[in-house]
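Q: Before we start, here is the structure in question, set down as structure tokens.
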Amino acid sequence: MIDIHSHILPGVDDGAKTFTDSVDMIRDLMSMGVTDIIATPHYISETRFISPRRKNRILIEELKRFLVDEKIPVNLYLGNEIYIDANIDYLIKRGEIATMAGSKYLLVELPLNEVFSNYQDILMELMNDGYKVILAHPERYSIVQNDYDIVEELDKIGVLFQCNLWSILGKYGTGAKKTIKKMAKNGMIFALGSDIHYAGNSEKQYKLAYKKLLKYYDKNELNKILVNNPRKIIAG
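Take the position in the sequence shown, starting the count at 1, then add 21; the result is the number in our numbering.
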């Protein structure tokens, strides 16, 4: 598996607090067969979650050194989980936020329980500027849970969807579980991610989630959203 959504950088958001936390989380992911991880710390303007790209680059290089010392053979890349904002393109060009693994892919987040009125216009503008927009965990948004047509509308304009692996197990509630099942049934998922914030996800949970997803995909199709599509991001 290639994990395109994780909060493993220490001390920058609500994920890992220390490098020890980071290494523990990466060990968890490695036990699930993860070989490559894109670190996607939150970037939310006008909050404390605004660690700039230059700082995150320093942190990820230091984390790589920890992995070498611990003999953990996992590849790390830098990105951001970017809260929807009309200034995303400007923030990228200014060097505040990172695209995913230096590619043209962006991981963008919407409010979980509110409506951001012009989000479709912002996403469309980003795509018109040449970015490939991936919407983070759409199954968790109340607006999507209440109106599945939103997924189909966004799909038509070219938005890609990253769902959280644990949604299929009900970690985020019944609404998210029902929505990811519908998205899987309709073949709407571009990639799956852990969205890991702390150590504790187990190999057993991963195997259970994988088994449940096989109700909607054959093994080749599931490999596509766990490995092949994420590899496209890293390859640029």
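Yeah, the Cβ is synthetic: ideal placement off N, Cα and C, and Gly gets one too.
This structure is a prediction, so every number in the text was calculated from the model and none was measured.
Beta-carbon separation of residue 289 and residue 153 under 8 Å?
A: The question about residue 289 has no answer here: the residues shown for the chain are numbered 22 through 257.
Q: Along the chain, which unbroken stretches of the alpha helix (DSSP H) at least 4 residues long are found entirely within the region 64-100?
A: The region 64-100 contains these whole alpha helix (DSSP H) runs: 74-90.
Q: Give me whichever residues DSSP pairs with residue 126 in a beta bridge.
A: Paired residue(s): 153.
Q: Count the other CB atoms within 10 Å of the CB of residue 62; is the residue buried (16 or more) or exposed (fewer)?
A: Residue 62 comes out buried.
Q: To test your reading of the DSSP string, which unbroken alpha helix (DSSP H) runs of 4 or more residues are found completely within the region 165-202?
A: Correct list: 170-178.
Q: Can you tell me where the alpha helix (DSSP H) holding residue 49 begins and where it ends?
A: 40-52 is the span of the alpha helix (DSSP H), which, as asked, contains residue 49.
Q: If we require 3 or more residues per run, which beta strand (DSSP E) segments fall completely within the region 201-226?
A: 212-214, all fully within the region 201-226.
Q: Applying the 10 Å Cβ sphere with the 16-neighbour rule, what's the burial state of residue 24?
A: Buried is the call here.
Q: Assuming residue 88 and residue 95 form a contact by the criterion Cβ under 8 Å, report the distance between their Cβ atoms to the nearest whole angstrom.
A: With 8 Å as the limit, residue 88 and residue 95 qualify as a contact, their Cβ atoms being about 6 Å apart.
Q: Spatial neighbours of residue 73 within its chain, please: C-beta separation below 6 Å, excluding the five flanking residues on both sides.
A: For residue 73, where only same-chain residues beyond five positions count, the Cβ hits under 6 Å are 117.
Q: What are the boundary residues of the beta strand (DSSP E) that includes residue 104?
A: Where residue 104 is concerned, the enclosing beta strand (DSSP E) stretches over 102-104.
Q: How big is the Cα-Cα spacing for residue 140 and residue 151?
A: Looking at the two C-alpha atoms, the distance is approximately 17 Å.
Q: Please work out which residues of its chain come closer than 6 Å, Cβ to Cβ, to residue 75, disregarding the five sequence neighbours upstream and downstream, and give them in chain order.
A: Contacts found: none.
Q: Can you give the Cα-Cα distance for residue 223 and residue 46, rounded to whole angstroms?
A: Rounded to the nearest angstrom, the two C-alpha atoms are 10 Å apart.
Q: Taking its Cβ as the centre, do 16 or more other Cβ atoms sit within 10 Å of residue 86, making it buried, or is it exposed?
A: Per the 10 Å Cβ criterion, exposed.
Q: For residue 104, which residues in the same chain have their Cβ closer than 6 Å to its Cβ, ignoring the five residues on either side in sequence?
A: For residue 104, where only same-chain residues beyond five positions count, the Cβ hits under 6 Å are 65, 130.
Q: Would the region 193-213 count as touching the region 161-175 if we require 3 or more Cβ pairs under 8 Å?
A: Touching, yes, given that three or more Cβ pairs across the two stretches are closer than 8 Å.
Q: In whole angstroms, give me the CA-to-CA distance for residue 166 and residue 113.
A: Each residue's alpha carbon lies about 30 Å from the other.
Q: Among 182, 205, 119, which residue has its Cα nearest to the Cα of residue 71?
A: Residue 119 is the option with its Cα nearest to residue 71.
Q: With DSSP as the reference, identify every bridge partner of residue 110, one or two as the case may be.
A: DSSP lists no partner for residue 110.
Q: Closest by CA to residue 137, which one among 171, 80, 127?
A: Ranking the options by Cα distance to residue 137, first place goes to 171.
Q: Could you pull out every residue in the same chain whose Cβ sits closer than 7 Å to the Cβ of residue 246, ignoring the five residues on either side in sequence?
A: Closer than 7 Å at Cβ, skipping near neighbours: 210, 211, 212, 213.
Q: Classify residue 143 as helix, strand or coil using the three-state DSSP reduction.
A: Three-state DSSP puts residue 143 in a helix.
Q: Would you mind working out which of 92, 102, 256 sits nearest residue 18, comparing C-alpha positions?
A: Residue 18 falls outside the range modelled here, since the chain spans only 22 to 257, and no answer is possible.
Q: For residue 29, name the three-state secondary structure that DSSP assigns.
A: Reduced to three states, the DSSP call for residue 29 is coil.
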